[in-house]
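Data block below; observations after.
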Amino acid sequence: MAILEVKSLTHTYGGNTPFINDAVREVSFTVQKGEIIGIIGHTGSGKSTLVQHLNGLLKPTDGEILIEDQNIWDKPKEIRKVRSKVGLVFQYPEYQLFEETVYDDIAFGPKNMGLRDEELKNRVLETCKIIGVKDEYLQKSPFDLSGGEKRRVAIAGVMAMNPQIIVFDEPTAGLDPKGRQDVIDIIHDYRKATGATVIIISHSMEDMAQITDKLLVMNKGNLVMFDKTENVFKNGDKLREIGLNVPIVTRVFDELRQSGIDVPCDVFTVERAVEVLKQIKAGDRNA
Numbered sequence: 022m023a024i025l026e027v028k029s030l031t032h033t034y035g036g037n038t039p040f041i042n043d044a045v046r047e048v049s050f051t052v053q054k055g056e057i058i059g060i061i062g063h064t065g066s067g068k069s070t071l072v073q074h075l076n077g078l079l080k081p082t083d084g085e086i087l088i089e090d091q092n093i094w095d096k097p098k099e100i101r102k103v104r105s106k107v108g109l110v111f112q113y114p115e116y117q118l119f120e121e122t123v124y125d126d127i128a129f130g131p132k133n134m135g136l137r138d139e140e141l142k143n144r145v146l147e148t149c150k151i152i153g154v155k156d157e158y159l160q161k162s163p164f165d166l167s168g169g170e171k172r173r174v175a176i177a178g179v180m181a182m183n184p185q186i187i188v189f190d191e192p193t194a195g196l197d198p199k200g201r202q203d204v205i206d207i208i209h210d211y212r213k214a215t216g217a218t219v220i221i222i223s224h225s226m227e228d229m230a231q232i233t234d235k236l237l238v239m240n241k242g243n244l245v246m247f248d249k250t251e252n253v254f255k256n257g258d259k260l261r262e263i264g265l266n267v268p269i270v271t272r273v274f275d276e277l278r279q280s281g282i283d284v285p286c287d288v289f290t291v292e293r294a295v296e297v298l299k300q301i302k303a304g305d306r307n308a
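Numbering (the working numbering), first residue to last: 22 to 308.
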């Protein structure tokens, strides 16, 4: 079932001026309910402009955004309802923390949606349980937490609104390896628990290989590929032509094949690499 359709989306900055620029040009794609979609592209390719249309932060110059077959701009005065369906987690969301306690920060969005008393409390506690915000943190100031925990709390604040679609802009930016994996696990656990659709912008091919079902590739405002993650990464030469790359482990296995070693071309994660190497060591050359 399609939850999101983007139809011939174009967004032009500086219209009717000498600085006119099509940041997004005739982009069309469909997202099924529950999918995790990655969006990749070099800086300036149109990724952020694209996702800011999904909850109405930007209005298309041309084209349509449909959530469950409904154009989100059919009723402009009700665009806030769209923003309760499509949550957007900006890069470095921890910079947007502002309440006195962790509980109040997570509760802020649901409270603005009209939740009160036990319903509000249950929503906050349920979200905390799903993504691992510890009970002992709830009455602490969010500013007393570590960087990774601050980000977890900030993400929880968006997730607590129970959006049908949640969009992350560089969710692991600036984190150490453990922090990066923690955020990937949060996203995975949340999708598993709620069935929400997830869209992620990232420059990390390793993160994308680990978690996404499909990849959407942007270049100079155009959509150039939209396919299963494994199929996109099999087109390493095309990705390199537009300034992108494949995961490091994939590059290693590409080098092995070029050296005459019989290894498969579908190795995009460390877990898959370990599996293949174990099979090769055991004598299974058909891994």
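Even for Gly, the Cβ is constructed at its ideal location relative to N, Cα and C.
The beta carbon of residue 220 sits closer than 6 Å to the beta carbons of 58, 188 from its chain, once the five residues preceding and following it are set aside; these are given in chain order. Under the three-state reduction of DSSP output, residue 167 falls in the coil class, being neither helix nor strand. Beta-bridge analysis with DSSP links residue 177 to no other residue. Under the three-state reduction of DSSP, residue 137 is assigned to coil, being neither helix nor strand. In chain order, 33, 35 place their CB closer than 7 Å to the CB of residue 41, counting only its own chain and leaving out the 5 sequence neighbours on each side. Fully enclosed alpha helix (DSSP H) runs of no fewer than 4 residues occupy 226–232, 250–254, 257–262, 269–279 of the region 222–286, in order along the chain. The beta carbon of residue 184 lies closer than 8 Å to those of 105, 106, 107, 108, 217 in the same chain, with the five residues before and after it left out. If one requires a minimum length of 3 residues, the beta strand (DSSP E) runs lying completely within the region 57–142 are 57–61, 83–88, 107–110, in chain order.
One thing to note: residue 114 has its Cβ no nearer than 9 Å to the Cβ of residue 181. Membership of residue 54 in any alpha helix (DSSP H) is not indicated, and neither H nor E is assigned to it by DSSP. Cα atoms of residue 44 and residue 142: separation of roughly 42 Å, rounded to the nearest angstrom.
Sequence-distant Cβ neighbours of residue 46 in its own chain, meaning closer than 7 Å and more than five residues away, are 31, 242, 243. A straight line joining the alpha-carbon of residue 37 with that of residue 80 spans about 17 Å.
Counting along the chain, no beta strand (DSSP E) covers residue 294; the unbroken alpha helix (DSSP H) around it starts and ends at 291–302.
Taking the Cβ atoms as the reference, residue 145 lies roughly 14 Å from residue 173, outside the contact range of under 8 Å.
When only Cα atoms are considered, residue 282 and residue 178 end up about 49 Å apart. Put simply, of 138, 208, 29 the residue whose alpha carbon is nearest the alpha carbon of residue 151 is 208.
Comparing alpha carbon positions, the residue from 288, 61, 83, 84 closest to residue 191 is 61. Judged by pairs of C-beta atoms under 8 Å, the region 263–273 touches the region 60–75, as three or more such pairs exist. For residue 122, the closest of 285, 97, 246, 157 by C-alpha to C-alpha distance is 157. For the pair residue 271 and residue 247, the CB atoms are not nearer than the 9 Å cut-off.
In this model, residue 69 and residue 222 are separated by some 8 Å (Cα to Cα). Under DSSP, residue 186 shares a beta bridge with 107, 218.
Close CB contacts of residue 290 within its chain, under the 6 Å cut and outside five residues either way in sequence, are with 230, 231 (chain order). Under DSSP, the beta-bridge partners assigned to residue 42 are 34. Contact between residue 118 and residue 164 holds, since their C-beta atoms are separated by about 7 Å, short of 8 Å. Beta-bridge annotation (DSSP): residue 26 is paired with 51, 87. Between residue 234 and residue 26, the C-beta gap is not smaller than 9 Å, which leaves the two residues out of contact.
Around the Cβ of residue 48, a 10 Å sphere holds 16 or more other Cβ atoms; the residue is buried.
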